[in-house]
Amino acid sequence: MAWTQQEVRELKEGRYVLIDEEPCRIISIQTSKPGKHGEAKARIDAVGIFDRRKRSVVFPVTHKVQVPMIGKRQAQVLSMTDTEVQLMDLESYETFSLAVDAETKAQIAPGGEVQYLDAMGKRQITRT
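Add 58 to a position in the sequence shown, counting from 1, and you land on the number used in the working numbering.
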């Protein structure tokens with residue numbers, strides 16, 4: 059299981075939530091007051107970690123949502139090609155390849171270390 063459950067009232071800005079099976083970082087949360095026969099609702103605005111798409115959802119504050127387990131890890135750059143970088147995790151010594159853009163590729167060099175996010179079976183380089 060790569061996620062846990064939490065009530066909407068426990069979420070905070072800057073934390074993560076799963077929206078449409080995509081891990082997203084919460085930008086803002088607005089709550090409304092309950093009506094005569096209803097319950098309070100919360101509007102969550104978030105941005106996808108991997109695809110950078112903005113998403114908005116509305117849930118009752120007592121609704122349970124999925125919160126992804128996000129790992130921030132260190133890796134060493136083993137080799138580079140035009141579109142990919144081969145990395146080795148510094149804790150588990152696992153090797154894997156990630157696609158990179160030209161801007162990120164210019165900042166890294168073989169033998170250097172990078173930080174990457176690991177969530178829901180996807181990985182992305184965050185710091186060089």
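We put the beta carbon where it would ideally sit given N, CA and C, even for glycine.
Computed from a prediction, not measured in an experiment: that's the story for all the values here.
Please state whether DSSP places Glu152 in a helix, a strand or coil.
-> One-based indexing of the sequence shown puts residue 152 at position 94. DSSP, read as helix, strand or coil, puts Glu152 in coil.
Taking the alpha carbon of Ile107 as the point to measure from, which residue in Ile85, Glu171, Glu149 has its own alpha carbon closest?
-> For the purposes of this step, residue 107 is taken as the residue at position 49 of the sequence shown. Distance from the Cα of Ile107 is smallest, within the candidate group Ile85, Glu171, Glu149, for Ile85.
Ignore the nearest five residues each way along the sequence and tell me which others in Ser114's own chain have a CB closer than 8 Å to its CB.
-> Your numbering for residue 114 matches position 56 in the sequence shown. In its chain, beyond the 5 residues on either side, Arg101, Ile102, Asp103, Ala104 have a beta carbon closer than 8 Å to the beta carbon of Ser114.
Expected contact under 8 Å - CB spacing of Leu175 and Gln182 to nearest Å | Locating residue 175 in the sequence shown gives position 117, where the first residue counts as 1. Locating residue 182 in the sequence shown gives position 124, where the first residue counts as 1. Between Gln182 and Leu175 the Cβ distance is about 5 Å, and since that is below 8 Å, they are a contact.
Taking Cβ positions, are Leu148 and Val135 nearer each other than 8 Å?
-> In the sequence shown, counting from the first residue as 1, residue 148 sits at position 90. In the sequence shown, counting from the first residue as 1, residue 135 sits at position 77. Contact: no.
Three-state secondary structure (DSSP) of Val66 | As a working mapping, residue 66 is identified with position 8 in the sequence shown. If DSSP states are grouped into helix, strand and coil, Val66 belongs with the helices.
Which residues in the same chain as Pro118 place their Cβ atom closer than 8 Å to its Cβ, once the five residues preceding and following it in sequence are excluded?
-> Residue 118 sits at position 60 when you count from the first residue of the sequence shown. Its chain contains Val66, Glu97, Ala98, Lys99, Ala100 as the residues whose beta carbon lies nearer than 8 Å to that of Pro118, once the 5 sequence neighbours on both sides are disregarded; these appear in chain order.
Between Met178 and the rest of its own chain, which residues show a CB-CB distance below 7 Å, the 5 nearest in sequence each way excluded?
-> Mapped onto the sequence shown, residue 178 falls at position 120. Residues Ala60, Pro81, Pro126 of the same chain have their beta carbon placed closer than 7 Å to that of Met178, with the five preceding and five following residues left out of the count.
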